[in-house]
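K.L.:
Below is a structure I'd like to ask you about.
Residue numbers (this note's numbering): 122 to 352.
See below:
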């Protein structure tokens with residue numbers, strides 16, 4: 122387990138009142154599973170077929186919407202009024218056999234007190250399938266997905282506000298784990314302890330030098346075991 126050398130912040134002491142909030146993709150399973158490539162390919166196919174574009178044009182639209190709206194879905198909804206449920210079902214129809222079961226992660230979660238929540242820009246169905254594959258679906262109280270966020274993605278503020286309100290989370294009692302560094306920054310501003318799961322994926326590095334990141338690790342199981350020792 123590696124932790125940030127830059128941060129003097131001590132590990133929070135967990136209690137039964139603690140709330141552990143986890144991003145899903147590339148956080149609770151290894152980034153080298155590369156599920157994002159499968160999803161990206163399916164998004165490209167969706168854009169091509171829905172907007173009747175050639176592959177190159179569809180790719181440009183896909184990336185343009187992602188950068189301007191935070192997700193391609195949000196761009197398609199805003200500019201083309203597509204059905205988000207249809208989109209989410211199609212782009213998450215992926216092969217999960219590349220994700221290995223994670224009994225050590227399940228054991229590490231079991232050793233931690235407090236509530237455990239999933240906070241994802243993906244769909245609930247995708248999250249449930251991945252969690253079932255990992256063998257951790259029964260370790261979590263609930264999932265807050267992109268539908269719960271009214272299709273507004275992290276790191277925009279609204280999803281964080283909605284999560285805290287819906288699930289009655291005291292941010293000062295919360296620890297948030299996320300592979301995309303920039304998604305941790307609003308959480309820290311709200312009072313959460315932040316943990317960056319560093320996967321070395323280039324596009325996840327944006328914001329990684331921000332002092333609002335309290336801790337970082339490249340070994341989430343090891344980090345959770347260390348965190349359990351504070352209980």
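Glycine residues also receive a C-beta, built at the ideal position from the N, C-alpha and C atoms.
Please read all numbers here as calculations on a predicted model, not as lab measurements.
(1) If you draw a straight line from the C-alpha of residue 345 to the C-alpha of residue 147, how long is it?
(2) How many angstroms separate the CA atom of residue 262 from the CA atom of residue 200?
(3) Terminal residues of the continuous alpha helix (DSSP H) containing residue 208?
(4) To which residues of the same chain is residue 122 closer than 7 Å at the C-beta, ignoring the five residues directly before and after it?
(5) Which residue comes first and which comes last in the alpha helix (DSSP H) that contains residue 279?
(6) For a quick check, are the C-beta atoms of residue 273 and residue 223 less than 8 Å apart?
(7) Decide if residue 297 is buried, meaning its Cβ has at least 16 other Cβ atoms within 10 Å, or exposed.
(8) Relative to the C-alpha of residue 179, which candidate in 191, 195, 162 has its C-alpha closest?
(9) Taking the alpha helix (DSSP H) that residue 156 belongs to, which residues open and close that run?
(10) Note down, in chain order, each residue of its chain lying with its Cβ closer than 6 Å to the Cβ of residue 351, except the 5 sequence neighbours on either side.
(11) In three-state DSSP terms, what is residue 309?
(12) Should residue 236 go down as buried or exposed, given a rule of 16 or more other Cβ atoms within 10 Å for buried?
(13) Would you mind working out which of 264, 231, 167 sits nearest residue 283, comparing C-alpha positions?
(14) Leaving out the 5 sequence neighbours to the left and right, which residues in its chain are closer than 6 Å to residue 242 when beta-carbon positions are compared?
(15) Where does residue 258 fall in DSSP's three states?
(16) For my contact list, residue 314 and residue 333 are in at a C-beta cut-off of 8 Å; report their separation, rounded to the angstrom.
(17) Is residue 317 closer than 8 Å to residue 302 when the C-beta atoms are compared?
(18) Between the beta-carbon of residue 168 and the beta-carbon of residue 213, is there less than 8 Å?
P.N.:
Walking through what the data contain:
(1) Within the chain shown, numbered from 1, the residue matching residue 345 stands at position 224. Within the chain shown, numbered from 1, the residue matching residue 147 stands at position 26. Going from the Cα of residue 345 to the Cα of residue 147 covers about 16 Å.
(2) For this step, residue 262 is matched to residue 141 along the chain shown. For this step, residue 200 is matched to residue 79 along the chain shown. The alpha-carbon atoms of residue 262 and residue 200 are separated by roughly 35 Å.
(3) Walking along the chain shown from the start, residue 208 turns up at place 87. Run containing residue 208: 205–212, per the alpha helix (DSSP H) assignment.
(4) Position 1 of the chain shown holds residue 122. Confidence at residue 122 is low in this model, with a pLDDT of 46, below 50, so its placement is unreliable and the value that follows should be read with caution. Hits under 7 Å: 338, 340, 343, 344, 347.
(5) Taking the chain shown and counting its residues from 1, one reaches residue 279 at position 158. 278–287 is the extent of the alpha helix (DSSP H) around residue 279.
(6) Locating residue 273 in the chain shown gives position 152, counting from the first residue. Locating residue 223 in the chain shown gives position 102, counting from the first residue. No, these two residues do not count as a Cβ contact at 8 Å.
(7) Here residue 297 corresponds to residue number 176 of the chain shown, with the count starting at 1. Result: buried.
(8) Position 58 of the chain shown, counting from 1, holds the residue named residue 179. Comparing Cα-Cα distances from residue 179 to each of 191, 195, 162, the minimum goes to 162.
(9) As a working mapping, residue 156 is identified with position 35 in the chain shown. Run containing residue 156: 156–172, per the alpha helix (DSSP H) assignment.
(10) The residue given as residue 351 occupies position 230 in the chain shown. Within the same chain, residue 351 has close Cβ partners 132, 134, 135.
(11) The sequence position of residue 309 within the chain shown is 188, counting from 1. Residue 309: helix per DSSP, three-state reduction.
(12) Against the chain shown, residue 236 aligns to sequence position 115. The residue in question, residue 236, is buried, as its Cβ has 16 or more Cβ neighbours within 10 Å.
(13) Within the chain shown, residue 283 is the residue found at index 162, counting from 1. The option with the nearest alpha carbon to residue 283 is 264.
(14) As a working mapping, residue 242 is identified with position 121 in the chain shown. So the qualifying residues of the chain are 267, 274, 275.
(15) For the purposes of this step, residue 258 is identified with residue 137 of the chain shown, where counting begins at 1. It is helical.
(16) Taking the chain shown and counting its residues from 1, the one referred to as residue 314 is at position 193. Taking the chain shown and counting its residues from 1, the one referred to as residue 333 is at position 212. At roughly 11 Å, the Cβ-Cβ gap does not stay under 8 Å, so residue 314 and residue 333 are not in contact.
(17) Residue numbering aside, residue 302 sits at position 181 when the chain shown is read from its first letter. Residue numbering aside, residue 317 sits at position 196 when the chain shown is read from its first letter. For residue 302 and residue 317, yes; Cβs fall inside 8 Å.
(18) What you label residue 168 is simply residue 47 of the chain shown in a count that begins at 1. What you label residue 213 is simply residue 92 of the chain shown in a count that begins at 1. Contact: no.
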